[in-house]
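Quick notes on the structure that follows.
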Amino acid sequence: MFSRKSLVMYLTVFTIVSFSINNYAFGNAANKGWRSSPDLVEELTKRRSETNYSEQRVPKYTLPNPLVLLDGTSVTDARTWRTRCRPEILELFRKYVYGRAPIARPKNMSFKVFDRERKALAGLATRKQVTVNFTGAKDGPKMDILIYLPNAAEKPVPTFVVLNFGGNHTIHSDPSIKLSEMWMRSGSDGVVKNRATEESRGRSSSRFHVEKILKRGYGLATIYYGDIDPDFHDDFKNGLHPVFDKLIDSERAPDAWGSIGAWAWGLSRAMDYFETDDNIDNRRVTVLGHSRLGKTALWAGARDERFAFVISNNSGCGGAALSRRRFGETVERINKSFPHWFCENFKKYNGKEDDLPVDQHMLIALMAPRPVYVTSADKDLWADPRGEFLACRYAGPVYRLLGLRGLGVRQMPGLDQPVQKGTIGYHVRSGGHNLTEYDWQRFMDFADKHFQR
Ligand code: GTR
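Mapping of the sequence shown onto the working numbering: position 314 corresponds to residue 315, and the numbering continues sequentially without gaps.
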């Protein structure tokens, strides 16, 4: 018989062994799958010598086991995962990575539908534009949600919600989309808002493919991320932070929310609206984001389980990629370039990834049992494609504990060979850092499968 002490020791050693990744061994295992182009590695290394782009230079590391509680107890049943382990991990991400939102749904928040057109896009869709006034106060912070729902689809419709970088009017050339007010940096005034110009209408339509999404029977909702919080380090003087931070304390705590936390919180407020709209299937809402907004989509899906499907597109460091690999963008680098994205505590782990109580496979595990999909791009080594794949793989034990298949593969797939066998989907697409039609089609394939369409 094991004594309790030796059992704990045994489990700890087992954990370390099973989660230690010997790069040499992994390199062999990955023979058939995707590998970065040696020419690209050489070129990028020349350009940024301080950044590691080479698999050989990934340090040895040990990942925290998502199925061990902070007190060392192994989690072997779904109930303990649900009631103790999941809340613990979520709290670690709040405390050390993304920060804590000071409020859930504000009491006086209001919705105003200011546009409704049943024959939008030549009759293909119904378009709605809704202002969410976060505090209900006239001059308080607001965001506009632009929604297209396919007229041909049965209602309520499963819908994708996606934050956009350039303003709602950039996702399509539809002249009725309200021009967003854009946050701009201005010399003496810091950060100010200006109405966008007509010139930018439809500018990012190559990332949205609105008609194709509608024709596959999905709705699309989008919000300009700057409506929620400007993407500048402005000491949290603009956007949501000044309004809600004062509810907590006068000084910002080391675990106060950053911009990613605010954007994710805004997505939950959009979900609050969807729950009031009979034409949107609020039990089949997918949250999707690209790049920094992919990090945001993951955090939104982790904190708000109303999102039924979560998609991270090329999210990289602080998103789907394992921090401990220190490949491409690192914790230190991201905190220095974007000091406003994460909470202050995260900066303590600059160059000290091994001390982090979490790694990003645990963020992916927080989606369980819901489907989650992660993408990488062949040329986007900054975001560490292999690190993104591995995070999906090591989230697997949590899905398996819940009786589901995780990725369903152990090896990284080849280029443009989507893995859609289990509840975690993954692909590495040819090309660079972008959100393309190829990605969208794969997301909809996976959604069809999991939403039984
Ligand atoms: C980069 C940043 C990445 C990624 C990207 C983006 O500059 O280093 O983490 O999020 O921006 O959001 O476009």
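We put the CB at the ideal spot given by N, CA and C, even for glycine.
Being a predicted model, the structure only gives us computed values, none of them experimental.
The DSSP assignment places 87-94 as complete runs of the alpha helix (DSSP H) inside the region 76-143, in order along the chain (cut-off: 4 residues). Taking a contact as a CB-CB distance under 8 Å, the pair ALA322 and ASP381 does not count as one, their CB atoms being some 10 Å apart. Taking all protein chains shown into account, SER187 has fewer than 16 neighbouring C-beta atoms within 10 Å of its C-beta and is therefore exposed. Between ALA298 and SER313, the gap from beta carbon to beta carbon is short of 7 Å. Distances between the C-beta of SER292 and the heavy atoms of the ligand GTR include at least one below 6 Å. For TYR62, the closest of SER324, LYS450, PRO103 by C-alpha to C-alpha distance is SER324. In terms of Cα proximity to ASP356, the closest of TYR400, PRO65, VAL162 is PRO65. Taking C-alpha positions only, GLN453 is separated from ASP417 by approximately 24 Å.
Proximity of the beta carbon of GLU155 to the ligand GTR is not indicated: no heavy atom of the ligand is located closer than 6 Å. Around the Cβ of ASP78, a 10 Å sphere holds fewer than 16 other Cβ atoms; the residue is exposed. Distances from the CA of ARG36 to each of THR437, ASP440, ASP446, SER431 were compared; the closest alpha carbon is that of SER431.
LEU215 is not a Cβ neighbour of LEU147, given a cutoff of 7 Å. With a cut-off of 6 Å, the C-beta of GLY141 is classified as distant from the ligand GTR, since no heavy atom of the ligand falls inside that distance. Taking 7 Å as the cut-off, the Cβ atoms of ILE178 and SER205 do not count as close. For GLU182, the enclosing beta strand (DSSP E) covers residues 182-187. Take LYS113, set aside five residues on each side of it, and the residues of its chain with a beta-carbon closer than 6 Å to its own are THR132, in chain order.
Close CB contacts of ASP256 within its chain, under the 7 Å cut and outside five residues either way in sequence, are with ARG95, LYS96, GLY100, ARG101, CYS344, ASN346 (chain order).
In the three-state DSSP reduction, ASP379 falls in the coil class, being neither helix nor strand. In the three-state DSSP reduction, GLY295 falls in the helix class (H, G or I). Here the alpha carbon of LYS422 sits roughly 32 Å from the alpha carbon of LEU71.
Closer than 6 Å to some heavy atom of the ligand GTR: that describes the Cβ of GLU330.
Judged by the Cβ position, GLY317 qualifies as a neighbour of the ligand GTR at the 6 Å threshold, a heavy atom of the ligand being closer than this. PHE275 sits in a helix when the DSSP states are folded into three classes. Counting only residues of its own chain and dropping the five nearest sequence neighbours on each side, ARG334 has a CB closer than 8 Å to the CB of THR52, CYS318.
Around the beta carbon of GLY295, 16 or more other beta carbons lie within 10 angstroms, which makes this residue buried. Beta-bridge analysis with DSSP links HIS428 to THR376. Taking 7 Å as the cut-off, the beta carbon of THR424 is found closer than this to the beta carbon of TYR400. Taking the Cα of ASP273 as reference, the smallest distance to any Cα among GLY218, GLU306, SER377 is reached at GLU306.
The beta-bridge partner set that DSSP reports for SER313 consists of GLY290, VAL375. Residue pairing of PRO151 in beta bridges, as defined by DSSP: ALA126. Remark: fewer than three beta-carbon pairs, one from each stretch, lie closer than 8 Å, so the region 405-414 and the region 442-450 are not flagged as touching. Residue nearest to GLY137 within the set GLU56, LEU164, VAL244, PRO157 is VAL244 (criterion: CA-CA distance). In this structure, the beta-carbon distance from GLY388 to PHE328 falls below 7 Å. Bridge partners of ARG208 according to DSSP: none are assigned. Unbroken beta strand (DSSP E) stretches of 3 residues or longer found wholly inside the region 302-376: 310-314, given in chain order.
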